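Read top to bottom, the protein sequences are chains A and B.
Numbered according to the numbering used here, the first sequence spans residues 1199 to 1376.
Numbered according to the numbering used here, the second sequence spans residues 114 to 563.
Yeah, the Cβ is synthetic: ideal placement off N, Cα and C, and Gly gets one too.
All values reported here derive from a predicted model rather than from experimental measurement.
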Amino acid sequence: MINAIYILNASTLQEQDLDRIVHTVKTIFRVPVFVKQVGLDFGSAFDGSRGQWNSTVLLSQIITNSVGDDEKLVAIVDVDLFIPVLTFVFGEAQFKGTAAIVSTHRLANQFYGLEEDKQQLLQRLEKEIVHELGHTFGLYHCRQFECVMRSSTYVGEIDLKQVFPCQDCQRLLLKNFS
Amino acid sequence: MNSNYSILIVDDEAIVRDSLSKWFREDGFVIGVADNSATALRQLQAHRWDVILLDIKMPGMDGIELQQRIIELDPNVTIIFITAHATIESAVQALKRGAFDYVTKPVDPDHLSHLIQNALKQRKLTGENIKLKESITEFFKADDIVGESPQMKKVYELIQTVASTETTVMVRGESGTGKELIARAIHSNSQRKFFPIVTVNCGALPEGILESELFGHERGAFTGAQYRRKGKLELADGGTLFLDEVGNITMKTQMDLLRVLETKQFTRVGGNDIIRVDFRVICATNKDLEKAVADGTFREDLYYRLNVFSITVPPLRERKSDIPLIANYFVKKYSQTMGKQINCISPEAMDVLVRHDWPGNVRELVNAIERAMVIGTSPALKPQDLPFQLLNLDKKKKPSSGSLAAVEKEHIELILEQNGWNISRSAEILGIDRVTLYNKIEKYGLQKPS
Chain A
1199 MINAIYILNA STLQEQDLDR IVHTVKTIFR VPVFVKQVGL DFGSAFDGSR GQWNSTVLLS
1259 QIITNSVGDD EKLVAIVDVD LFIPVLTFVF GEAQFKGTAA IVSTHRLANQ FYGLEEDKQQ
1319 LLQRLEKEIV HELGHTFGLY HCRQFECVMR SSTYVGEIDL KQVFPCQDCQ RLLLKNFS
Chain B
114 MNSNYSILIV DDEAIVRDSL SKWFREDGFV IGVADNSATA LRQLQAHRWD VILLDIKMPG
174 MDGIELQQRI IELDPNVTII FITAHATIES AVQALKRGAF DYVTKPVDPD HLSHLIQNAL
234 KQRKLTGENI KLKESITEFF KADDIVGESP QMKKVYELIQ TVASTETTVM VRGESGTGKE
294 LIARAIHSNS QRKFFPIVTV NCGALPEGIL ESELFGHERG AFTGAQYRRK GKLELADGGT
354 LFLDEVGNIT MKTQMDLLRV LETKQFTRVG GNDIIRVDFR VICATNKDLE KAVADGTFRE
414 DLYYRLNVFS ITVPPLRERK SDIPLIANYF VKKYSQTMGK QINCISPEAM DVLVRHDWPG
474 NVRELVNAIE RAMVIGTSPA LKPQDLPFQL LNLDKKKKPS SGSLAAVEKE HIELILEQNG
534 WNISRSAEIL GIDRVTLYNK IEKYGLQKPS
């Protein structure tokens, strides 16, 4: 049984920016949600040849923050994440595990040469956080067009989906929750 | 969810295997991993995989060599090469050997996602295609030729031998022996089975029309040719051309046909464009072509061109053991199509069928069964359901003393027996009135069996 979800902020976002995310995560997963400021060793995860940070290395650091099986952790970072075989990832999660990580880097409009839009960034971020947390609860990618668990490989797809899981994923989430 | 599909990741780098399997596991795929070719081959022998992601550069057997081994084990598996060592040469080599695609590390996640979806879509279509082909093959088998006699077994062997080749086949046999069925069996067991088999009945068409039927015609080629029309040779492109009654074609058409068979090209009637076609020829005849060649009515060169591999279908009288099989097969078939509750043939009726000589061969037998099924009412076909002439012919085989009176006596007795001594029905069949029949019964001293 999960009793708490911790949002570990290692990004430049302020705590007040994360209020809506905390509210959304609490609504969907129905457990207390806390925000904690953390420091990560980004240097050890940096790949100079790619100019990116290895998300799996950072994820292993996040797991060390875990104190029990009854909680989930999701970290927010600003750096551009990758896993070795892919050019980039928006985030990564331990499937049916404890921890997840999400990057704001490719969620921000500036990355695509557009004007900054904080609200849009936060909307995208909350969807990705819910998505990666969903994986920690054992949810697979969903084919429902608007489901938050639908796989998104470019930012436009994140904008198209909703922040909530579809009914099927919701049902599976409830089943896996305990 | 993709839990119905499985992906095997073959890469010597643990980090690549781990990140890829994690990525695909979130999509719900069943994932397998192998860090070298030997493990991959073991995995392939143990499970069926839908997609294999294969690294090119691996210690020991490399990906290209492994691809060859994989195809030997499972020719339908979808292989995608994924490597950091991208060279045009290795990509071309992999694709030439049948790989689905080729990507370089690191892969754009969107590209990888679409690639896998497309690969699975193609795999699904391929699977459906295979099933469809199998069902078509079953469909052909369902209408197979019936017969278990040694003569027919020999025919089946010949069909099997020649079907997979491109050889021209001549099917010989009396009228009604099922020469066209043999031709269709050869076609449906050949590589050309998914293309049409086009039948040309050479005996049924006059020369001018046969020429137009075979070669097609251009608009205005002759009076009434308002449109360009493709001929049977063109329609048979990729498939089989079945020339039925080939012994009946005229000398001029024989010459034209010979030219087409030799060059596989022709022009439409009234046209100049050369049309190239690819078809296999199967022909059939009930004529003595050797005699026709000797008489000069059939071209010798065409005869040799057509008579490459010959299959002779035996007449039904020479394989009487097949008669019950064929008869029962068609009783079942017609009982379904006619919706009748007749499912067998009585021993008496079967005896009549087996003793008959069947000059019209299987066609005559099938027609007799069809007719009997139309008029029959009981669960089993009875002698009286069979055609009248069949019974007469059967009787003719055992002539009595020879006098007209003796023949009349035997015939009346037979009709009475067949109709259960029903006087009205027997008189009607004999074409005489009831009084006359009574007089003749008395005259010949016929008695109803007790």
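If you check the CB distance, Thr1302(A) and Thr1334(A) do not come in under 8 Å. Per DSSP, reduced to three states, the secondary structure at Gly360(B) is helical. Apart from sequence neighbours up to five positions away, the residues of its chain that approach Ile193(B) with a beta-carbon distance below 6 Å are Leu166, Phe213, Asp214, ordered along the chain. The alpha carbon of Leu1216(A) has as its nearest neighbour, out of Leu1284(A), Ala1298(A), Lys1316(A), the alpha carbon of Lys1316(A). Unbroken beta strand (DSSP E) stretches of 3 residues or longer found wholly inside the region 190 to 246 of chain B: 191 to 196, 214 to 217, given in chain order. For Ile525(B), the three-state secondary structure derived from DSSP is helix.
Residue state for Thr398(B) is assigned as strand, using DSSP reduced to three classes. For Leu371(B) and Leu346(B), the gap between their C-alpha atoms comes out near 13 Å.
In its chain, beyond the 5 residues on either side, Ile458, Met463, Leu466, Leu478, Ile482 have a beta carbon closer than 8 Å to the beta carbon of Ala440(B). Taking a beta-carbon distance threshold of 8 Å, Lys135(B) counts as an interface residue toward chain A. For Met283(B), the pairing in a beta bridge is given by DSSP as Cys396(B), Ser423(B). Interface criterion met: the Cβ of Pro1282(A) is under 8 Å from a Cβ in chain B. Inclusion of Val1283(A) and Val164(B) in the CB contact set at 8 Å is not warranted, their separation being larger than that value. Annotated three-state conformation of Asp140(B) is coil, per DSSP. For Leu225(B), the nearest beta carbon of chain A is closer than 8 Å to its own beta carbon. Distances from the CA of Ile322(B) to each of Phe392(B), Lys495(B), Phe308(B), Arg342(B) were compared; the closest alpha carbon is that of Arg342(B).
The residue from Val1275(A), Leu1238(A), Gly1246(A) with its alpha-carbon nearest to that of Thr1262(A) is Leu1238(A). The beta-carbon distance between Asn399(B) and Glu287(B), rounded to whole angstroms, is 6 Å. This is short enough to meet the 8 Å contact definition. Of all residues in the region 1328 to 1360 of chain A, those with a C-beta nearer than 7 Å to a C-beta of chain B are His1333, Tyr1338, His1339, Ser1349, Thr1351, Tyr1352, reading in chain order. Cβ proximity to chain A below 9 Å picks out nothing from the region 149 to 176 of chain B. The beta-carbon of Ile439(B) is placed no less than 8 Å from the nearest beta-carbon of chain A. Under the three-state reduction of DSSP, His1339(A) is assigned to coil, being neither helix nor strand.
Close CB contacts of Pro172(B) within its chain, under the 8 Å cut and outside five residues either way in sequence, are with Asp125, Asn149 (chain order). Nearest to Lys553(B) by C-alpha distance, out of Ala519(B), Gln531(B), Pro562(B), Gly533(B), is Ala519(B). With respect to Glu413(B), Val421(B) sits apart: the two C-beta atoms are not nearer than 8 Å. Interface with chain B (8 Å Cβ-Cβ cutoff): Val1231(A) is excluded. Here Ile122(B) is near Val146(B), since their CB atoms are less than 8 Å apart.
For Val1287(A), the closest Cβ of chain B is nearer than 8 Å. Proximity of chain B to Thr1262(A) at the Cβ level (cut-off 7 Å) is not reached, the minimal Cβ distance being about 19 Å.
Straight across, the Cα-Cα distance linking Thr290(B) with Thr363(B) is about 24 Å. Taking 8 Å as the CB threshold, Thr1254(A) lines the interface with chain B. Distances from the CA of Pro263(B) to each of Lys446(B), Asp435(B), Gln180(B), Leu356(B) were compared; the closest alpha carbon is that of Asp435(B). For the alpha helix (DSSP H) assignment, the uninterrupted runs of no fewer than 4 residues enclosed by the region 276 to 328 of chain B are, from N- to C-terminal side, 292 to 301, 320 to 328. At a beta-carbon threshold of 8 Å, the residues of chain B lying near Phe1293(A) are Lys135, Arg138, Glu139, ordered along the chain. Three or more Cβ pairs drawn from the region 446 to 455 of chain B and the region 481 to 500 of chain B lie within less than 8 Å of each other, which places the two stretches in contact. When 8 Å is used as the limit between beta carbons, Val129(B) is near these residues of chain A: Pro1282, Val1283, in chain order.
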